Amino acid sequence: MRNPQLNKHGELTHLLTIEGLPRDIVTHILDTAESFVPLAERDVKKLPLLRGKSVFNLFFENSTRTRTTFEIAAKRLSADVYNLNINASSTSKGESLLDTINNLSAMQADMFVVRHASSGAPHLIAQHVAPHLHVINAGDGRHAHPTQGLLDMYTIRHYKKEFHNLRVAIVGDILHSRVARSDIHALSTLGVPEIRAIGPLTLLPAGMEQMGVKVYTDMEEGLRGVDVIIMLRLQNERMRGALLPSAQEYFKHYGLTQEKLALAAPDAIVMHPGPMNRGVEIESAVADGKQAVILNQVTFGIAVRMAVMSIVGGA
Amino acid sequence: MRNPQLNKHGELTHLLTIEGLPRDIVTHILDTAESFVPLAERDVKKLPLLRGKSVFNLFFENSTRTRTTFEIAAKRLSADVYNLNINASSTSKGESLLDTINNLSAMQADMFVVRHASSGAPHLIAQHVAPHLHVINAGDGRHAHPTQGLLDMYTIRHYKKEFHNLRVAIVGDILHSRVARSDIHALSTLGVPEIRAIGPLTLLPAGMEQMGVKVYTDMEEGLRGVDVIIMLRLQNERMRGALLPSAQEYFKHYGLTQEKLALAAPDAIVMHPGPMNRGVEIESAVADGKQAVILNQVTFGIAVRMAVMSIVGGA
Amino acid sequence: MRNPQLNKHGELTHLLTIEGLPRDIVTHILDTAESFVPLAERDVKKLPLLRGKSVFNLFFENSTRTRTTFEIAAKRLSADVYNLNINASSTSKGESLLDTINNLSAMQADMFVVRHASSGAPHLIAQHVAPHLHVINAGDGRHAHPTQGLLDMYTIRHYKKEFHNLRVAIVGDILHSRVARSDIHALSTLGVPEIRAIGPLTLLPAGMEQMGVKVYTDMEEGLRGVDVIIMLRLQNERMRGALLPSAQEYFKHYGLTQEKLALAAPDAIVMHPGPMNRGVEIESAVADGKQAVILNQVTFGIAVRMAVMSIVGGA
Chain A
1 MRNPQLNKHG ELTHLLTIEG LPRDIVTHIL DTAESFVPLA ERDVKKLPLL RGKSVFNLFF
61 ENSTRTRTTF EIAAKRLSAD VYNLNINASS TSKGESLLDT INNLSAMQAD MFVVRHASSG
121 APHLIAQHVA PHLHVINAGD GRHAHPTQGL LDMYTIRHYK KEFHNLRVAI VGDILHSRVA
181 RSDIHALSTL GVPEIRAIGP LTLLPAGMEQ MGVKVYTDME EGLRGVDVII MLRLQNERMR
241 GALLPSAQEY FKHYGLTQEK LALAAPDAIV MHPGPMNRGV EIESAVADGK QAVILNQVTF
301 GIAVRMAVMS IVGGA
Chain B
1001 MRNPQLNKHG ELTHLLTIEG LPRDIVTHIL DTAESFVPLA ERDVKKLPLL RGKSVFNLFF
1061 ENSTRTRTTF EIAAKRLSAD VYNLNINASS TSKGESLLDT INNLSAMQAD MFVVRHASSG
1121 APHLIAQHVA PHLHVINAGD GRHAHPTQGL LDMYTIRHYK KEFHNLRVAI VGDILHSRVA
1181 RSDIHALSTL GVPEIRAIGP LTLLPAGMEQ MGVKVYTDME EGLRGVDVII MLRLQNERMR
1241 GALLPSAQEY FKHYGLTQEK LALAAPDAIV MHPGPMNRGV EIESAVADGK QAVILNQVTF
1301 GIAVRMAVMS IVGGA
Chain C
2001 MRNPQLNKHG ELTHLLTIEG LPRDIVTHIL DTAESFVPLA ERDVKKLPLL RGKSVFNLFF
2061 ENSTRTRTTF EIAAKRLSAD VYNLNINASS TSKGESLLDT INNLSAMQAD MFVVRHASSG
2121 APHLIAQHVA PHLHVINAGD GRHAHPTQGL LDMYTIRHYK KEFHNLRVAI VGDILHSRVA
2181 RSDIHALSTL GVPEIRAIGP LTLLPAGMEQ MGVKVYTDME EGLRGVDVII MLRLQNERMR
2241 GALLPSAQEY FKHYGLTQEK LALAAPDAIV MHPGPMNRGV EIESAVADGK QAVILNQVTF
2301 GIAVRMAVMS IVGGA
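Residue numbers (the numbering used here), protein chains in the order written: chain A, 1 to 315; chain B, 1001 to 1315; chain C, 2001 to 2315.
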């Protein structure tokens, strides 16, 4: 079966997940993003690559922040952007997802950026749309958040240059995290030899070892000697649920403090997809410390999303 | 009394209703739309006709879909578009409709696209604004939805070429439908010799015959030999109310199935303003069948709205 | 301590409050606005001064009207505008204001337009952001609404030419009004010799006399001979609260009627920041009368906001 993200020429036409994405395509995205980074220094931060194209932000699940990063990326490429909060509209009228998509396609959309609470919704849409239409997954359920995975890879490459000699630790609620899933696939694809997953057993999915990931429930042991630490956001609802004793208890065991950070390589970088819970998964001194590259991730994210949009838009 | 939609030169300056609109103006809109359709095939789908103009989408009643089609049309004409959800703002502060309009006019708006739950609100606004300001009715109460009526006419002309030899059936909740009202006026204006209204007596308004419309409560009888079938959306609230026994019962009598469709002319087209209730007013096999032109209506709708905006904007 | 609104060259880099703003800067804003007013008469109402810049409307408190005026001003300067309703997003996820701001800054924003229910929030943000980023206060708590103050000054200058010979009365709920506070500072800075505050004792703040303001609880006495009357909106919640007997009672004592207006100078102008409560703080005959310049304020407001944005954007 053909990879649903690639067209018949093997070019990226949708970005749905990093799983199964050829390494040269991932690298091409990162290289393209790198060419866009200097744009931010220019007075007019725009390129005409998507001029006259219509990009629809279809957010079936609200996320002002992620939506805004895609809106910025699209406008930097000179596209026209339409923000559709879909909960508030058609679906409340009982229309099916595919009828909604057909309808919006008929408005001559060129690209759909889709955030959906259900895993697989962007795949379903991509299978359904006409060939000239491109779908970008902006986060679906617990499944994938590929642009976050790619901007994490961009950040790592920016600071560490190479992937083949790295130890990378992902810390926290891996079970419920689409970011973790996308990061693990991307790190594997790019040849990172050692990927570690750190968290309480209740928040670690089964089958990590089969994916080549080393599992640690002891954070201090897991951080020893790593070059990159990717902290995950602890969802508020987990803290209130039965999976965890309390935020204080969680911080004690899995919060990244300066003491724990000292166990990693001296030049280790600290990443976080945001928004942060200070004092829950990360200490403020670390979040604001000189090893943190959390805000740089956001900045690189604009260039990475521009890269994805311009690549699929050209396919 | 002068037609409130025309300026003193007889040019279209507002689009409020199709009722009373001269036939040559309707035809001019359709012809202009036709000239815009090829634009969709071009790489840059934009024209500079409204460059620097400010189009305000004033949606006093929420409708993401309709709002988006106007936003697309305006941006394709290079206008600046402002989306105002008015419920959430001024009216909740107790300001009158006309004070709100005065205020927005003073922001140097060039065009108001108005959706309002009260019939006549766009008329009231049009009577009130300065001469350089243009009002487009995007649906007011049960009264009119003229751009939907025009895109329906565009679609019919596209597939049937002429109006003078057609039998057109409108099926469903005609009583509450501004789409039906706009379609009936447009079909009359364009010289369609036979307009049929099909539905249960509780959903048919009085006085249809005086408008030159033939009334049928038996759908099979009403569909016999027609060239065009316009299905209407059955509002959910009707199904729950006292007007109808149940959705199943409704579908049995007034749902468009392949069997019933076979009674129409062999090349009859099936239209629907969307969003569809599959299995209520229309069977999926018909909605997705080769006689359905429902998604084409959406595409033509962009060109028709561009035509209306560019014509009133030039008046 | 340096004025937080000025950079080290003494140029305006943020607009947070009119209090403490040098007179030549206020005058420069008004002069710049004046140069933008003729733009409204042109066919294409746009200038390229902020082309490629990203203006973020950060409305932590909803205000469609004020947000729209800033959106218009930014688009007239060719900026890209991003509307963020922040209540609905990050803060609900427990992120701190400064983390939200850091995050948005990292998206390479050039300007933040901030509306916030807490007095001082825009100051806090301005102290925190990188030097290339500019903050404009669009209303913070009861503290300040500087662009409203400036557009009021523009309006007064437009009709009265000079400030040094004026008597200006501000009428209504001065205690809760950020507009009143900004107006008083601006009038003082521009050398208005007589500023009067008129209202019931329960709605007048303490210490007005120390600010050089004459206090009147008798409206007829306070209006005698004034050249400018600035009416304030009476918030609905005040009318329901313990501070006032009733809207009718308030209108009787502090509503601006034609009779009371006759006590002012014959060429006095009547201003109001909107939205108006007709029949509460102002009689319709006055609101629509020939001395009212309320809608002109709105129009001038676009030019004034363009002026502020282009000045801070160039600093």
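Beta carbons: idealized from backbone N, C-alpha and C, even for Gly.
Treat the numbers as computed from the prediction; the structure is a model and nothing was measured.
- Annotation: H2116 (chain C) is outside any alpha helix (DSSP H); the continuous beta strand (DSSP E) that includes it extends over 2111–2116.
- In this model, H2116 (chain C) and H2123 (chain C) are separated by some 11 Å (Cα to Cα).
- Closer than 8 Å to the CB of T189 (chain A) there is not a single CB belonging to chain C.
- R2157 (chain C) and F2112 (chain C) have their C-alpha atoms roughly 28 Å apart.
- In the DSSP assignment, K1252 (chain B) falls outside any beta strand (DSSP E) and lies within the alpha helix (DSSP H) extending over 1247–1254.
- Rounded to whole angstroms, the Cβ separation of V1226 (chain B) and A1186 (chain B) is 17 Å, and the two are not in contact under 8 Å.
- C-alpha of T2068 (chain C) to C-alpha of Y1082 (chain B): approximately 7 Å in a straight line.
- Contact between D2173 (chain C) and L2263 (chain C) does not hold, since their C-beta atoms are separated by about 21 Å, which reaches or exceeds 8 Å.
- Counting along the chain, the unbroken alpha helix (DSSP H) around I2029 (chain C) starts and ends at 2023–2036.
- In the structure shown, the three-state DSSP call for G1279 (chain B) is coil.
- Put simply, the CB of N2062 (chain C) is far from chain A, with every gap to its CB atoms at 8 Å or more.
- DSSP, read as helix, strand or coil, puts M271 (chain A) in strand.
- Setting aside the 5 residues that flank it on each side, T17 (chain A) is surrounded in the same chain by A144, P146, each with a C-beta closer than 6 Å to its C-beta; the list follows chain order.
- Between the segment 264–278 of chain A and the segment 199–217 of chain A there are fewer than three inter-stretch CB-CB distances shorter than 8 Å, so the stretches are not counted as touching.
- Annotated three-state conformation of R2196 (chain C) is strand, per DSSP.
- Chain B places a beta carbon closer than 8 Å to that of G52 (chain A), counting this residue as a contact.
- Assignment of S2054 (chain C) by DSSP, reduced to helix, strand and coil, places it in the strand class.
- At a beta-carbon threshold of 9 Å, the residues of chain B lying near L2295 (chain C) are N1102, N1103, S1105, A1106, ordered along the chain.
- Secondary structure of R2142 (chain C) (DSSP, three-state): coil.
- For V2312 (chain C), the enclosing alpha helix (DSSP H) starts and ends at 2294–2314.
- The beta carbons of L1256 (chain B) and I1282 (chain B) sit about 5 Å from each other, so the pair counts as a contact at 8 Å.
- Interface residue (Cβ-Cβ distance to chain B less than 8 Å): Y82 (chain A) is classified as such.
- Interface residue (Cβ-Cβ distance to chain C less than 8 Å): E1095 (chain B) is classified as such.
- Only residues of its own chain outside the window of five on either side were considered, and among them T2155, I2156, Y2159, K2160, D2227, V2228, I2229, Q2291, A2292, V2293 have a CB closer than 8 Å to the CB of I2269 (chain C), listed in chain order.
- Between L77 (chain A) and M309 (chain A), the C-beta spacing is below 8 Å.
- The beta-carbon of K1008 (chain B) is placed no less than 8 Å from the nearest beta-carbon of chain A.
- In the three-state reduction of the DSSP assignment, R1181 (chain B) falls in the helix class, which pools H, G and I.
- Annotation for T66 (chain A): A138 place their beta carbon closer than 6 Å to its own, counting only its chain and skipping 5 residues before and after.
- Residue pairing of Y82 (chain A) in beta bridges, as defined by DSSP: A:F56.
- When the beta-carbon positions are compared, T100 (chain A) and I86 (chain A) come within less than 8 Å of each other.
- Its Cα nearest to that of V135 (chain A), the residue A:L58 stands out among A:L58, A:D43, A:S188.
- In this structure, V1304 (chain B) lies near L1150 (chain B), with their beta-carbon atoms less than 8 Å apart.
- Contact between the segment 2294–2302 of chain C and the segment 2184–2203 of chain C is not established, with fewer than three Cβ pairs separated by less than 8 Å.
- Separation of T32 (chain A) and A307 (chain A) (C-alpha to C-alpha, rounded to the nearest whole angstrom) is 5 Å.
- Around P1004 (chain B), the same chain offers H1014, L1016, H1123, A1126, Q1127 as residues with beta carbons nearer than 8 Å, after the five sequence neighbours per side are excluded.
- With a threshold of 8 Å between beta carbons, R65 (chain A) makes contact with chain C.
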